[in-house]
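Counting the sequence shown from 1 gives a position; this note's numbering is that position plus 2. Glycine residues also receive a C-beta, built at the ideal position from the N, C-alpha and C atoms. Notes to accompany the following structure.
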Amino acid sequence: MKINFKITTLLLLFMVSAISCEKKEEVEKQVNEETLTLKSAFSDDFFVGSAVNDNHINGKDTLALQLIGKEFNTLTPENIMKWMNIHPEENTFNYNMSDQYVALGEKNTMHIVGHTLVWHSQLAPYINTISDSATMAENLKSHINTIVGKYKGRIHSWDVVNEALNEDGTLRESIFLKVMGKDYINYAFQLAALADPAAELNYNDYNLWKPEKRAGVVQLVKDLQAKGTKIDGVGMQAHWSLEGPSLEDIENSIIAYSDLGVKVMFTELDITVLPNPWDLNGAAVEQSYEQFEGDPKMNPYPNTLPDSIQNKLAKRYEDIFNLFLKHKDKISRVTFWGVHDGQSWLNDWPIKGRTNHPLLFDRKLNPKKAYQQIIELKKQN
Ligand code: XIL
């Protein structure tokens, strides 16, 4: 009888502790799910980040900074490291903002990206006056050696060359191509590799889902590889819309780049919800868009985004992240081009003064449905 009583007590104790263990796990799971953020949700998959502007970097925008620290584990400088800002004259380097940028990334233990070394846009004017190949090479050398060297071991990943291709996959007639010929690309990558052998070196461009442009990137990477030049990744900017590009085109590019043995990154993700001038009849891309400024037809959601469009945006982001997860073995980083809708460059490009809603956080910094849906995806996977 006594023995029986003991066994029953033991059994009871065992059952109670098993139940409470189960409960504990359930509570822990619940807490985890509730506190999931972008960086924690995708921590086994890829880095998730944001472009940062002057007021993030100088610490003035404290609200956005809190969000950045909570949600992201990689940063890209939206403008401050572009040639005209960091190296405006031949012998002038401005490190004030870039030092603060790197310190911000380090404070949050983030993967720090440098954007961008060689680009035809936002270039310092003195570069456009160079007309001989040797002088251009000297200037590329001074620019890349000095900046990559200064942040050696602290900037982990560089967009070495940005937007060197035309839409048909041929090389863009930039000042670098005109003066130095196509070898400027190889030269830039070699310089960056010498200045910081451990840094990740990438080619970055827009519309890289396009089959013709994809072929151009494949050729560019192969040419570098054939010369034994280090290239680690291809950055697809990903300035997309609700309608396009198709998931199939994006997927084909992910596979084509990854097949070259390089990493794939989505470096400037945003989804415009506004009409684009080039979708309108007769509006050529090279046309000025000033004619559309102030036109209410081109700015249909100046106050809030209607639910129907909010839902479309959420579905589009969900589909895109589903594809990213399918290819997570090939994708190393997904960076949004801005922290919240109020800070997106798409409010002023390609038409000034509009109200766009392309990111995961709204103007009050609240997560949108698209955010919830992306996090939900991870809970199910
Ligand atoms: C954009 C910035 O977001 C704007 O603030 C600036 O006025 C123009 O440049 N491709 C790139 C980015 O590689 O550097 C661009 O950033 C957007 C397109």
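N- and C-terminal bounds of the beta strand (DSSP E) containing residue i
| i | result |
| --- | --- |
| residue 155 | Taken as a continuous stretch (DSSP letters only), residue 155 belongs to no beta strand (DSSP E), as it is neither H nor E. |
| residue 94 | No beta strand (DSSP E) holds residue 94; DSSP gives it neither H nor E. |
| residue 267 | 265 to 274 |
| residue 64 | It is not in any beta strand (DSSP E) - residue 64 instead sits in the alpha helix (DSSP H) that spans 64 to 73. |
| residue 334 | 333 to 338 |
| residue 77 | 76 to 79 |
| residue 244 | Segment: none, residue 244 is in no beta strand (DSSP E) and carries neither H nor E. |
| residue 218 | Careful: residue 218 lies outside any beta strand (DSSP E), inside the alpha helix (DSSP H) at 213 to 228. |
| residue 40 | Run containing residue 40: none in the beta strand (DSSP E); it sits in the alpha helix (DSSP H), 40 to 43. |
| residue 118 | 113 to 120 |
| residue 207 | 202 to 207 |
Residue i Cβ short of 8 Å to the ligand XIL heavy atom set
| i | result |
| --- | --- |
| residue 208 | yes |
| residue 76 | no |
| residue 110 | no |
| residue 39 | no |
| residue 58 | no |
| residue 243 | no |
| residue 84 | yes |
| residue 81 | yes |
| residue 270 | yes |
| residue 240 | no |
| residue 165 | yes |
| residue 89 | no |
| residue 53 | yes |
| residue 121 | yes |
| residue 280 | no |
| residue 160 | no |
| residue 117 | yes |
| residue 382 | no |
| residue 68 | no |
| residue 124 | yes |
Residue environment, residue i, which counts as buried when at least 16 other CB atoms sit within 10 Å
| i | result |
| --- | --- |
| residue 287 | Any reading at residue 287 is ruled out, since the residue's pLDDT is 46, under 50, leaving its predicted position unreliable. |
| residue 127 | exposed |
| residue 106 | buried |
| residue 360 | buried |
| residue 297 | exposed |
| residue 354 | exposed |
| residue 269 | buried |
| residue 34 | Unreliable placement is indicated for residue 34, whose pLDDT of 49 sits below 50; the coordinate value is still reported in the next sentence. Exposed, by the Cβ-count rule. |
| residue 280 | exposed |
| residue 295 | exposed |
| residue 375 | buried |
| residue 383 | exposed |
| residue 132 | buried |
| residue 239 | buried |
| residue 237 | buried |
| residue 274 | buried |
| residue 200 | exposed |
Contact set for residue i: own chain, Cβ-Cβ below 7 Å, skip 5 residues either direction
| i | result |
| --- | --- |
| residue 32 | For residue 32, the pLDDT reaches just 48, beneath the cut-off of 50, and the residue's location in the model is therefore unreliable, although a value from the coordinates is still provided. Here the set comprises nothing. |
| residue 324 | 379 |
| residue 182 | 135, 138, 139 |
| residue 146 | 119, 190, 193, 194, 197 |
| residue 87 | 81, 96 |
| residue 173 | 166, 167, 179, 184 |
Sub-9 Å separation of residue i and residue j beta-carbons
| i | j | result |
| --- | --- | --- |
| residue 248 | residue 332 | no |
| residue 404 | residue 170 | Residue 404 cannot be examined here, being either before or after the span of the chain that is shown, 3 to 383. |
| residue 85 | residue 125 | yes |
| residue 372 | residue 319 | yes |
| residue 76 | residue 114 | yes |
| residue 253 | residue 317 | no |
| residue 204 | residue 235 | yes |
| residue 423 | residue 335 | Residue 423 is absent from the model: the chain starts at 3 and stops at 383. |
| residue 2 | residue 356 | Absent from the structure is residue 2, since the part of the chain shown begins at 3 and ends at 383. |
| residue 257 | residue 226 | no |
| residue 377 | residue 66 | no |
Where the alpha helix (DSSP H) through residue i begins and ends
| i | result |
| --- | --- |
| residue 326 | 309 to 328 |
| residue 260 | 249 to 260 |
| residue 57 | 56 to 59 |
| residue 181 | 177 to 182 |
| residue 368 | Element bounds for residue 368: n/a, residue is neither H nor E. |
| residue 185 | 185 to 197 |
Contacting residues, own chain, Cβ-Cβ under 8 Å from residue i (five flanking each side not counted)
| i | result |
| --- | --- |
| residue 64 | none |
| residue 59 | 79, 82, 99, 102, 103, 106 |
| residue 29 | Since pLDDT at residue 29 reaches only 45, below the 50 mark, its modelled position is unreliable, and the value read off the structure follows with that caveat. So the list is empty, once near-sequence residues are dropped. |
| residue 73 | 39, 40, 41, 50, 52 |
Cut-off 6 Å between Cβ atoms - residues of its own chain near residue i, not counting five sequence neighbours on either side
| i | result |
| --- | --- |
| residue 343 | 359, 361, 364, 365 |
| residue 310 | none |
| residue 217 | 171 |
| residue 285 | Because residue 285 carries a pLDDT of 49, less than 50, the predicted location of this residue cannot be relied on, and no value is offered for it. |
| residue 262 | 223 |
beta-carbon residue i near the ligand GDP non-hydrogen atom, thresh 8 Å
| i | result |
| --- | --- |
| residue 211 | Among the ligands in the structure shown, the ligand GDP does not appear; only the ligand XIL can be found there. |
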